[in-house]
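Adding 4 to a residue's 1-based position in the sequence shown gives its number in the numbering used here. Note that the Cβ used here is the ideal one computed from N, Cα and C, for glycine as well.
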Amino acid sequence: MPKNKLIYFGVLLVAAAALLFLGYYLFTKAMPVMISVATIGVILIIVGLVVEAQKRKEPDEGKPENPNV
């Protein structure tokens, strides 16, 4: 660690700025992928809800209404 605190804080500021820039760069490059993945997730949730709704509408043929029978 440098003995002069100004050098220490300067190095910290440069490292923080570099990491912020890198994060922004990666975020802008990954944005289309994140939007696509989120869209696919929403579509899967909707399809799952529709399938579950159809399962509940179907009568349970061959199964007794009372499971203790």
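Can you name, in chain order, every residue of its own chain whose Cβ lies under 7 Å from the Cβ of residue i, other than the five neighbours on each side?
{"i": "Val37", "result": "none"}
Using a Cβ-Cβ cutoff of less than 8 Å, which residues in the same chain neighbour residue i once the five nearest sequence positions on both sides are dropped?
{"i": "Phe13", "result": "none"}
- Message: To test your reading of the DSSP string, which unbroken beta strand (DSSP E) runs of 3 or more residues are found completely within the region 8-64?
- Response: none
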